[in-house]
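Numbering (our numbering), first residue to last: 24 to 105. What follows is a short report on a single structure.
Below you can see the structure in the form of structure tokens.
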């Protein structure tokens with residue numbers, strides 16, 4: 024028999040990251056993340072957290088700033104997220 028608690032632990036999860044730039048409003052980014060979360064849900068992936076950052080343009084190597092990247096990594100480590 025399947026242990027429901029064990030099945031929950033194995034469920035796929037996601038952390039969503041959005042970037043508000045000069046070309047996009049906060050509302051647009053929220054809509055994009057809402058759609059991404061919906062798509063993830065249809066694939067049985069549970070969204071655990073959203074992070075949004077405002078920058079003039081995406082960072083070349085990391086898309087988001089290094090400080091925000093460290094914040095995301097710290098949150099994921101603290102919550103045991105892959």
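For every residue, glycine included, the Cβ atom is placed at its ideal position computed from N, Cα and C. Remember, it's a predicted structure, so these values are computed and weren't measured experimentally.
| Query | Result |
| --- | --- |
| Local Cβ density within 10 Å of residue 41, reported as buried at 16 or more and exposed below that | buried |
| Under 8 Å between C-beta atoms of residue 104 and residue 71 | yes |
| Residues near residue 106 by beta carbon distance below 7 Å, same chain, minus five either side | With the chain represented from 24 up to 105, any question about residue 106 goes unanswered, as that position is not in the structure. |
| Residue closest to residue 56, alpha-carbon to alpha-carbon, out of 34, 95, 39 | 39 |
| Unbroken alpha helix (DSSP H) run spanning residue 90, endpoints | 89–102 |
| Sequence-distant residues of the same chain with beta carbon closer than 8 Å to residue 86, five excluded per side | 40, 42 |
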